[in-house]
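A.B. asks:
Number of protein chains: 4
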Amino acid sequence: MTVDAPDADTPEAGDTAAWDDWRTYGEPDLPRILAAALEAFVEHGYHGTSIRDIAAASGLSVPGVYHHYRSKQEILAALMSATMDELLGRSRAALASAGDDPVARFEAVVESMLRFHMARRGQAFVGSSEMRSLDPDERAAHIALRDEQQAMLRVLLEEGVAAGVFATPYPADVARAISSLCVGMASWYREDGPQSADELVVRELAMARALADSGATG
Amino acid sequence: MTVDAPDADTPEAGDTAAWDDWRTYGEPDLPRILAAALEAFVEHGYHGTSIRDIAAASGLSVPGVYHHYRSKQEILAALMSATMDELLGRSRAALASAGDDPVARFEAVVESMLRFHMARRGQAFVGSSEMRSLDPDERAAHIALRDEQQAMLRVLLEEGVAAGVFATPYPADVARAISSLCVGMASWYREDGPQSADELVVRELAMARALADSGATG
Amino acid sequence: MTVDAPDADTPEAGDTAAWDDWRTYGEPDLPRILAAALEAFVEHGYHGTSIRDIAAASGLSVPGVYHHYRSKQEILAALMSATMDELLGRSRAALASAGDDPVARFEAVVESMLRFHMARRGQAFVGSSEMRSLDPDERAAHIALRDEQQAMLRVLLEEGVAAGVFATPYPADVARAISSLCVGMASWYREDGPQSADELVVRELAMARALADSGATG
Amino acid sequence: MTVDAPDADTPEAGDTAAWDDWRTYGEPDLPRILAAALEAFVEHGYHGTSIRDIAAASGLSVPGVYHHYRSKQEILAALMSATMDELLGRSRAALASAGDDPVARFEAVVESMLRFHMARRGQAFVGSSEMRSLDPDERAAHIALRDEQQAMLRVLLEEGVAAGVFATPYPADVARAISSLCVGMASWYREDGPQSADELVVRELAMARALADSGATG
DNA sequence: AATGAATGAGCCTTCATTCAT
DNA sequence: TATGAATGAAGGCTCATTCAT
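Residue numbers (our numbering), protein chains in the order written: chain A, 132 to 349; chain B, 132 to 349; chain C, 132 to 349; chain D, 132 to 349.
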């Protein structure tokens with residue numbers, strides 16, 4: 132019931148130091164059941180995936196799965212919280228490493244989000260598409276974390292505006308827009324696509340900056 | 132067998148004239164079964180919704196539902212194609228009404244997308260979240276329409292670049308980004324939110340223009 | 132969901148007139164699902180019986196069973212309440228038909244119990260052996276009815292003692308003892324046993340009278 | 132493999148001397164697994180109890196339980212035979228200690244049964260309610276012992292009738308009735324009830340004598 | 001169109017049981 | 001004996017779907 136959940140050597144949320152290397156992504160270290168569930172949720176959604184699917188994909192029997200997780204819902208919850216922990220952890224680490232320049236700080240966080248939504252596209256996608264499938268308690272917790280992530284972005288925008296480096300009159304809307312761009316990326320990005328991840332980061336960062344600098348009056 | 136599907140007085144795809152008034156949205160005129168299915172799909176997803184749910188929500192018996200649609204899949208397909216038809220119809224109408232100015236043409240189409248994703252947020256949301264639940268044939272058709280919509284945007288961007296009014300070196304990426312913004316809106320927009328739809332259109336249009344004008348080099 | 136539960140022409144509890152003929156037993160008129168469940172519960176107990184067992188024994192598919200009862204528990208509850216209703220109904224009818232003589236009144240009720248525990252031995256057995264398997268609410272209701280039945284007996288004993296025709300100093304204990312005899316009968320009685328039902332009624336009634344007349348001091 | 136089953140210092144069946152003190156009951160000396168199983172079987176029945184329930188209630192792990200008993204069925208069998216051994220042992224001891232008077236002999240055996248069904252109410256209850264859950268072989272053995280117990284009673288009744296101290300024309304029926312009274316007691320008796328065990332023995336013995344003396348003709 | 005009845009397949013979950021450590 | 005890991009079979013229940021009326 133333990134060995135397999137959020138892995139021992141996966142840094143915990145809030146543990147900024149742990150994601151020191153926030154730009155680097157190794158193989159995802161999800162336990163095999165979560166990895167199998169992730170793939171299935173991406174393809175068919177939570178309700179379209181059966182425990183049998185997950186069991187088969189992880190090379191276990193059905194009770195084998197239940198040995199590790201008490202319910203299908205618990206699998207989803209474990210996946211979601213692993214996702215949010217890593218995303219927030221990397222964003223915090225990015226911010227911590229960014230120095231004082233408002234633009235650099237903003238770009239660091241956006242880049243951390245972009246890279247996460249590319250490198251962990253499945254998790255990122257499920258993290259936003261299956262929120263509705265979470266039980267109320269877990270959902271509330273997940274939403275709180277997501278809001279925290281978005282607030283981080285909004286605050287950076289506000290600081291940039293205060294510093295005179297961004298022009299947008301609507302930092303909250305821009306924060307939301309940037310999140311939308313990231314979620315969108317998780318949908319269409321392929322590792323083997325025509326552009327490299329680094330190239331895409333450059334392009335998307337440019338767009339994010341444009342958003343941060345957009346004014347309501349043309 | 133399909134008496135009430137794509138409603139008699141709902142303009143058909145390609146029928147540009149029908150959406151002359153592309154900015155105006157009345158009550159959605161979905162047949163009650165589709166309306167019920169839509170609400171359920173938004174809340175629980177296609178696989179999380181049963182025919183009994185749909186029947187109950189539409190005040191029909193289960194065989195009553197089957198009298199109108201041959202399967203649950205057919206309900207989804209009808210919903211999706213109604214969605215895409217209206218979105219494309221309104222976008223085409225917007226374009227047709229926009230005159231020759233590249234910026235005006237671009238803004239007309241973006242505005243039509245924005246308004247659709249607000250006024251028809253449920254349909255827009257399901258249209259993108261349940262693509263994976265469509266049977267292969269229907270899915271292919273749906274994707275083709277979505278690509279058409281996005282191509283329209285990309286071409287307008289390219290024309291704007293050619294005309295020297297937009298600066299982006301990556302029109303396709305920007306088109307995708309704008310689509311992402313729209314899909315995002317469908318998720319968070321509420322009719323009774325703090326800003327009016329018109330106000331939001333202004334803000335989002337400003338962001339879209341900023342994207343269109345964004346360059347890769349800071 | 133309706134046709135099959137406590138049958139339309141089965142007299143209701145409290146409807147004394149309905150069991151006018153309280154000595155006579157026809158074929159049990161349990162709906163087939165309850166009949167099948169009864170047989171299985173007698174043989175293997177509630178927890179030892181699966182819905183699949185019940186379905187097979189009633190010639191239905193599993194969902195066929197669920198069309199009539201919402202859960203296995205509801206099947207048990209329906210069975211239990213049908214049992215108690217008939218038992219109490221017949222006992223009340225017996226009492227109503229017994230005139231004023233205390234002994235005759237006592238014997239009428241005991242006879243009604245005896246005959247019920249023979250003619251409806253399966254139901255009587257399950258009625259006492261599966262009380263623990265009832266959900267709390269249903270269990271409370273069932274116990275209340277059982278207590279009512281036993282109180283009826285105790286009161287008759289007290290009236291007999293008051294009238295000087297019974298000697299027991301412990302009417303409540305005797306009432307309980309008589310109930311135990313009846314429950315016991317339901318366990319060992321066979322329709323095709325060596326003694327006729329009428330003969331057994333004579334024997335058991337003699338024992339019941341002896342109990343009613345038993346004194347604590349030998 | 133059966134280290135803790137029928138406990139080392141529990142007298143074996145047939146070992147009359149062992150129950151010399153047949154009226155006295157100490158703490159039940161069931162091995163903890165059987166004690167846990169007993170409690171669970173009383174409350175939920177054999178089929179309503181899982182090995183995990185038993186393991187948890189006995190503070191063992193699941194394989195720990197299997198270390199002592201080869202199967203759930205073996206647990207039931209051990210429980211049942213411990214029950215029957217003690218009941219028969221105490222009844223035989225009571226009889227052996229009773230002298231020659233037919234009434235005294237009858238009363239001794241009935242008293243031994245009454246006391247057992249009070250002091251070991253759980254075991255007595257399970258002993259009769261879970262006979263159906265025993266595998267055929269064990270069941271046959273158990274029934275044989277139960278029949279032996281009842282035959283003992285019947286023979287004593289017949290001897291009493293022959294000696295002119297009992298009047299019943301139906302000793303077998305009376306024996307059965309007395310067994311029913313005992314089983315009934317196991318259901319409703321509580322150690323902390325309003326009457327003491329001794330007081331109840333007096334009352335029930337009076338009833339048993341009344342049954343022994345009952346005649347078929349009023 | 002509704003109602004009632006029905007079903008094969010499948011769902012999530014638990015069962016008794018086993019084996020390596 | 002505990003822990004951990006595992007499994008075939010089965011459990012209660014629901015699914016999409018059909019058909020007669």
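Here a beta-carbon is modelled for each residue, glycine too, at the ideal position from N, C-alpha and C.
#1: Cα separation between Ala149 of chain B and Gln280 of chain B?
#2: Of the choices D:Asp304, D:Leu165 and D:Arg154, whose alpha-carbon is the least far from that of Ser212 of chain D?
#3: Using alpha carbons as the reference points, say which of A:Arg340, A:Lys203 and A:Val173 lies closest to Arg183 of chain A.
#4: Using a Cβ cut-off of 7 angstroms, pull out every chain C residue sitting near Asp307 of chain D, in sequence order please.
#5: Name, please, each residue of chain B whose Cβ falls closer than 7 angstroms to the Cβ of Leu312 of chain A.
#6: On the criterion of 16 or more Cβ atoms from any shown chain inside 10 Å, does Leu342 of chain A qualify as buried, or is it exposed?
#7: Cα separation between Glu217 of chain C and Ala250 of chain C?
#8: Measuring CB atoms only, is the region 185-199 of chain D touching the region 272-291 of chain D, in the sense that at least three cross pairs come out at less than 8 angstroms?
#9: Do we get a CB-CB distance below 8 angstroms when we pair His198 of chain C with the residues of chain D?
#10: According to DSSP, is Ala294 of chain C part of a helix, a strand, or is it coil?
#11: Compile a chain-ordered list of the residues in the region 172-188 of chain C whose CB is closer than 9 angstroms to at least one CB of chain D.
#12: To the nearest angstrom, how far is it from the Cα of Ala224 of chain B to the Cα of Ala239 of chain B?
#13: Around the Cβ of Ile309 of chain C, are there at least 16 other Cβ atoms within 10 angstroms (buried) or fewer (exposed)?
#14: I'd like to know if Leu342 of chain B contacts chain A, where contact means its C-beta is closer than 8 angstroms to some C-beta of that chain.
#15: Taking 7 angstroms as the limit between beta carbons, can you name the residues of its chain near Leu265 of chain B, skipping five residues before and five after?
#16: For Leu219 of chain B, which residues in the same chain have their Cβ closer than 7 angstroms to its Cβ, ignoring the five residues on either side in sequence?
#17: In the DSSP assignment, find the unbroken alpha helix (DSSP H) run with His198 of chain C in it and report its ends.
#18: Can you list, in chain order, the residues of its chain with a C-beta nearer than 8 angstroms to that of Arg334 of chain B? Leave out the 5 residues immediately preceding and following it.
#19: Tell me whether the beta-carbon of Gly253 of chain B lies closer than 8 angstroms to the beta-carbon of His178 of chain A.
#20: By the 8 angstroms beta-carbon criterion, what residues does the region 280-306 of chain B contribute toward chain A?
#21: Can you give the Cα-Cα distance for Phe247 of chain B and Met244 of chain A, rounded to whole angstroms?
#22: Using a Cβ-Cβ cutoff of 8 angstroms, what residues of the region 257-283 of chain B are near chain A? List them in chain order.
#23: Between which two residues does the alpha helix (DSSP H) harbouring Arg252 of chain A extend?
#24: Taking the C-alpha atoms as reference points, what is the distance between Tyr197 of chain D and Ala255 of chain D?
#25: Going by DSSP in three states, Arg340 of chain A sits in which element: helix, strand or coil?
#26: Just how far apart, CA to CA, sit Gly230 of chain C and Gly324 of chain C?
#27: Quick check on His273 of chain A: does DSSP put it in helix, strand or coil?
#28: CA-CA distance, Ala187 of chain B and Gly258 of chain A?
#29: Beta-carbon within less than 7 angstroms of Val332 of chain A's beta-carbon, same chain only, minus the 5 sequence neighbours each way: which residues are those?
#30: Beta-carbon within less than 6 angstroms of Asp138 of chain C's beta-carbon, same chain only, minus the 5 sequence neighbours each way: which residues are those?
#31: Grouping DSSP H, G and I as helix and E and B as strand, with all else coil, what is Ala229 of chain D?
#32: Run through DSSP, which three-state label would Asp329 of chain C get?
C.D. replies: Short version:
#1: 18 angstroms
#2: D:Leu165
#3: Here the closest residue by C-alpha is A:Lys203.
#4: One detail in the question is off: residue 307 of chain D reads as Arg in this sequence, not Asp. Residues of chain C passing the Cβ test: Gly315 and Trp319.
#5: Ala308 and Ser311
#6: With 16 or more neighbouring CB atoms inside 10 Å of its own CB, Leu342 of chain A falls in the buried class.
#7: 12 angstroms
#8: no
#9: Not a single CB atom of chain D sits nearer than 8 angstroms to the CB of His198 of chain C.
#10: Assigned with DSSP and collapsed to three states, Ala294 of chain C falls in coil, not helix or strand.
#11: Val173, Glu174, His175, Gly176, Tyr177, His178, Gly179 and Thr180
#12: 9 angstroms
#13: Buried, by the Cβ-count rule.
#14: yes
#15: These residues qualify, in order along the chain: Leu207, Ala208, Met211 and His273.
#16: Ala144, Leu276, Glu279 and Gln280
#17: Val193 to His199
#18: Gln326
#19: No, the pair does not count as a contact, with Cβ atoms beyond the cut-off.
#20: Tyr301, Asp304 and Val305
#21: Phe247 of chain B and Met244 of chain A: Cα-Cα distance of roughly 28 angstroms.
#22: Answer set for the region 257-283 of chain B: Ser260, Arg263 and Ser264.
#23: Arg252 to Ser260
#24: 25 angstroms
#25: helix
#26: 33 angstroms
#27: helix
#28: Straight through space, the alpha carbons of Gly258 of chain A and Ala187 of chain B are spaced by roughly 30 angstroms.
#29: Glu242, Leu245 and Arg246
#30: The predicted model places Asp138 of chain C with a pLDDT of 41, which falls under 50 and marks its position as unreliable, so this point remains unresolved.
#31: coil
#32: Here Asp329 of chain C sits in helix by DSSP.
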